[in-house]
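Asks:
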Amino acid sequence: MKESELTFQKKTENVQLELNAFIKSNISPSLFISDEHKLSDNEFLYSINNSYPKMIWDRHEKIAIYRFINIYNIGVLKAKDTGHNIKILEITDKREMHERFNCEIQNIYKKAEIALLKTIHDHLVRIPFIQTAMSPIRIILEKVNMEGEVPASEKFGYRNPEKIQKYVNFLVSLNFLKVSEGKLVPAGELNAIRSMEISLQEFHNKILAAVLRRGFSYIQDYLHLTLITPYIRLANSYFFPSYESGKLMEFIIEDFQKSYYDIYDIRKSPDKIMSQLSYVAEQNIITEVKAGYYKGEEHIFNNFKNLAPAI
């Protein structure tokens, strides 16, 4: 906008109200400002936010649910009250606001993933593919648990010492293991699980669940255990829209496909969704309530809501 277009006549003494009306009329109706900071007697700084409508189809009630989702801090606005007029001195470029908006959306999805993982980690580790992906971690922890201590140079049956060292360093960073006098020994997190009176299989599941809960991002990004990712994403593609709508939704396969694409920009075939969903359903995360219709477990949803990012 030209500089002359950034000055307008006041109608009220409420500067924030006047600015909100101006940017909605002249920049975008979805934008609004908040968090006023007074820089001087007549200069003010605000955060620019975006409120956009989201439609979710409720198959059970056969109605469309509309929610306005607020994305905060996508730009800044600085303004001056000259008495009769308000002059905008500085405003974030629209292209930059759009980029920040997309970045904040992705941050919300990522935070939702982490919140959901904290809720369902003990279910996920029972999926055979995830157990296979995490087998190096299980082998290391089980050997240290059984023997009490192993040499820090132990290869745990693997040929690549650098790869196994990554896993060991990861487990040390999470306080499952520690190095003492050249030996790997149990640390706080592993000792807490060792103290429980549980079966060997339950011990396996407990240690993998605890590792998954504490270190999912590292497992995904640095250890490249990508077999885990599709299952948490599939669950998130169901629970996040339910969170947005305020209640557990009923999904068919096409709903999973659409939601997965909306969140991750990845198209999944019905067969791929169905294959992964069958494992998620086996662990009572999402269940088939009638032929072709799926719904999440109430207790999982309630726990997820308490941890999910505000929207």
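For the sequence shown, my numbering gives the first residue as 401, with consecutive numbering after it. Heads up, the beta-carbon is just placed ideally off N, CA and C, and yes, glycines get one too.
Which residues in the same chain as ARG594 place their Cβ atom closer than 7 Å to its Cβ, once the five residues preceding and following it in sequence are excluded?
Replies: Same-chain partners within the cutoff: ASN545, PRO586.
Asks: In the DSSP output, which residue or residues are listed as bridge partners for MET455?
Replies: Its beta-bridge partners are TYR466.
Asks: Could you tell me whether any non-hydrogen atom of the ligand ZN is closer than 6 Å to the CB of ASN605?
Replies: For the structure depicted, the ligand ZN is absent and the ligand set is empty, with no information on it obtainable.
Asks: Counting pairs of beta carbons, one from the stretch 566 to 582 and one from the stretch 635 to 645, are three or more of them closer than 8 Å?
Replies: Too few Cβ pairs lie closer than 8 Å, so no.
Asks: Starting from LEU677, follow its DSSP beta bridges and name the residues at the other end.
Replies: DSSP lists no partner for LEU677.
Asks: Going by DSSP, what residue range makes up the beta strand (DSSP E) through ASP435?
Replies: Taken as a continuous stretch (DSSP letters only), the beta strand (DSSP E) holding ASP435 covers 431 to 438.
Asks: Under the three-state reduction of DSSP, which class applies to SER345: helix, strand or coil?
Replies: With the chain covering 401 to 711 only, the question about residue 345 has no answer from this structure.
Asks: Looking at the unbroken beta strand (DSSP E) that takes in TYR694, where does it start and where does it end?
Replies: Here the beta strand (DSSP E) through TYR694 covers 693 to 696.
Asks: Buried or exposed: THR519, going by 16 or more other Cβ atoms within 10 Å of its Cβ?
Replies: So THR519 ends up on the buried side.
Asks: How would you call SER675, buried or exposed, if buried means at least 16 neighbouring beta carbons within 10 angstroms?
Replies: SER675 should be labelled exposed.
Asks: Helix, strand or coil for PHE772 per DSSP?
Replies: Residue coverage of the chain in this structure runs from 401 to 711, which leaves residue 772 outside it and unanswerable.
Asks: Exposed or buried, what is HIS437 when buried is set at 16 or more other beta-carbons lying within 10 Å of its beta-carbon?
Replies: With fewer than 16 Cβ atoms within 10 Å of its Cβ, HIS437 is classed as exposed.
Asks: Would ALA515 and PHE640 be called neighbours here (beta carbons separated by less than 7 Å)?
Replies: Result no, Cβ atoms of ALA515 and PHE640 do not sit closer than 7 Å.
Asks: Give, in chain order, every unbroken run of the beta strand (DSSP E) that is at least 3 residues long and sits entirely within the stretch 552 to 630.
Replies: The stretch 552 to 630 contains these whole beta strand (DSSP E) runs: 577 to 580, 583 to 586.
Asks: Tell me, please, whether the stretch 457 to 467 touches the stretch 489 to 506 by the rule of three or more beta-carbon pairs shorter than 8 Å.
Replies: With the cut-off at 8 Å, the stretch 457 to 467 and the stretch 489 to 506 do not touch.
Asks: Taking the beta carbon of GLN601 as the centre, do at least 16 other beta carbons fall within 10 Å, making it buried, or is it exposed?
Replies: Per the 10 Å Cβ criterion, exposed.
Asks: Can you say whether HIS699 is buried or exposed, counting buried as having 16 or more other CB atoms within 10 angstroms of its CB?
Replies: Exposed is the call here.
Asks: Go through its chain and collect everything with a Cβ distance to GLN409's Cβ below 6 Å, but skip five positions before and after it.
Replies: Correct list, in chain order: ASN485.
Asks: Could you say which of LYS487, LEU634, ILE433 lies nearest to ASP665 if we only look at CA atoms?
Replies: The residue with the shortest Cα to Cα distance from ASP665 is LEU634.
Asks: So which of ASN507, ILE471, ASN420 has the shortest CA-CA distance to MET497?
Replies: When only C-alpha atoms are compared, the closest one is ILE471.
Asks: Pick out whichever of ASN450, SER440, THR412 has its Cα sitting closest to the Cα of ILE427.
Replies: Nearest C-alpha to ILE427: ASN450.
Asks: Below 7 Å between beta carbons: does that hold for LEU417 and ALA479?
Replies: For LEU417 and ALA479, no; Cβs fall outside 7 Å.
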